[in-house]
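The sequence shown begins at 0 in numbering that gives the first Met the number 0 and counts up one residue at a time.
Worksheet: one structure, shown below.
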Amino acid sequence: MDALQQSAARLRAWCVNRALPVWADRAQNPDGSWVEHLHLDGSADKAAERRWRVLARQVYVYAKADSLGWFKGQKVAVSTYEKMIEVGYVHCVSSDGQVTDSTRDFYDHAFYILAASSLYALTRERKYLDDAEELLAWIDTALTHPSGGWRETDKTDDQASRRQNPHMHLFEASLFLYGETQNKKHLRYAESVFDLFEAHFIDDNTISEFFNANWNLENGTKGQTAEPGHAVEWIWLLGQYQSATGRDISTYQSALYSTALRGRGWFLNDEEDKSGEIHRETKRLWVQTEVIKAHLAMAERGTLGARDMAAATIDALFPTYLTEDGLWNDQINTCGANIAATIPVSTFYHILCMAAESERIANLSQ
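As structure tokens, then:
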């Protein structure tokens, strides 16, 4: 085995033997819902308010793990999904199950679509496809913006500020669904987001984050914000888009990859500006999983050194972020010490996707 195959195998073993069983046991409630996070001692925080999209992410995690043959996750995924739709497509729910914020949020809905699509991919049951299509139709009906793209929530008007991030996750969900159906109506959403990417999101080899209603950058520091994690996430997603459409987007991938690797070492910062000046030198785990996926995407393109970088960064996760008991340090400081106050459930979505991609690319012929 080469270095990436060894690293991917180690990561898979950690998911299969540690993380997947531990999180299903400790973080899922008897009613199918999930806690928001674990305490640092590994116990569930039963009192914290829950962002309801966390359930959607866990549907993806356990449906994907089952489809890979890593873990018998269908029961976990289905029970989570059923609780999710029983309460509704809301934003936040209290620890005792009361809806605390009924907002229908665009970012959340991208994950609700991904959840339904994941269960359709696993079971081929039509009801999950119907749910995904109904959610897409609702976004078009309730959130479509006259300047292109979609509004942030059902409670914001056409003059409100906007972000690239929820659009990126609709891009992801649409590509996933299209991969399962090959129905061009599902791909249409990804194509619409890609148009926004070309016109507004990519700027000076970075990803712009915050805009006014008409897709002009927000004024001041906010408009110059660059999150390295989102930039590398786009590298992987653009590879998925090229696979789905045959459209050559390698120039964009290369530009973002070059910026991401500018003197930052293995791990990327949480926030910089477009010039590379550091705003937050802390480093969330999810950002590093997306760095690895970017290396993997570039390795699939044949970029020299990307395969070894993916392997080395996976290996670096273990002494820094991933723990032997299947949990994780969610954020480190400049010295590499854990500074996270909790262990968020939501990070598992990033980890599982990265682990699955690691195994897929590791087994491609070099």
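Each residue gets a CB set at the ideal place from its N, CA and C atoms; glycine is no exception.
- In this structure, V92 lies near W51, with their beta-carbon atoms less than 7 Å apart.
- An exposed status is given to A198, since fewer than 16 other beta-carbon atoms sit within 10 Å of its beta-carbon.
- At a Cβ-Cβ threshold of 7 Å, A43 and R25 count as neighbours.
- With fewer than 16 other Cβ atoms inside 10 Å of its own Cβ, M0 counts as exposed.
- Burial state of R261 is exposed, judged by a 10 Å Cβ sphere holding fewer than 16 other Cβ atoms.
- Look at H108 here: in three-state DSSP terms it is helix.
- Unbroken alpha helix (DSSP H) runs of no fewer than 4 residues, entirely contained in the region 100-164, are found at 105-122 and 125-142, following chain order.
- With a contact defined as Cβ atoms closer than 8 Å, G148 and L113 miss out at about 18 Å.
- Here L216 carries a strand assignment [DSSP, helix/strand/coil].
- For the pair of segments examined, the region 341-350 was found to touch the region 44-64: the number of CB pairs separated by less than 8 Å reaches three.
- If you draw a straight line from the Cα of T220 to the Cα of A120, it is about 42 Å long.
- For the pair Q97 and G72, the Cα-to-Cα distance works out to about 27 Å.
- In terms of CA proximity to I291, T312 leads the group K273, R279, T312 and E271.
- Taking the Cβ atoms as the reference, K45 lies roughly 30 Å from A355, outside the contact range of under 8 Å.
- Per DSSP, E232 is one residue of the alpha helix (DSSP H) stretching across P227 to T244.
- According to the DSSP secondary-structure assignment, K282 is paired through a beta bridge with I331.
- Nearest to K184 by C-alpha distance, out of E151, D139, T205 and H168, is D139.
- Residue pairing by DSSP puts F209 in a beta bridge opposite R162.
- Judged by their CB atoms, V286 and L267 are nearer to each other than the 7 Å cut-off.
- Of the residues assessed, P145 falls on the exposed side of the cut-off, its CB having fewer than 16 other CB atoms within 10 angstroms.
- Nearest neighbour of R103 by Cα position, chosen from P343, I84, G275 and D95, turns out to be I84.
- Per DSSP, the unbroken beta strand (DSSP E) holding E271 starts and ends at E270 to D272.
- Bridge pairing for I201: I206 [DSSP].
- With fewer than 16 other Cβ atoms from the protein chains shown falling within 10 Å of its own Cβ, T250 counts as exposed.
- A distance of 7 Å or more separates the beta carbons of I331 and K273.
- Taking the C-beta atoms as reference points, P343 is found nearer than 7 Å to H36.
- Taking one beta carbon from each stretch, the region 208-227 and the region 170-183 have fewer than 3 pairs nearer than 8 Å; the two do not touch.
- Between the C-alpha atoms of E190 and A254 there is a straight-line separation of about 20 Å.
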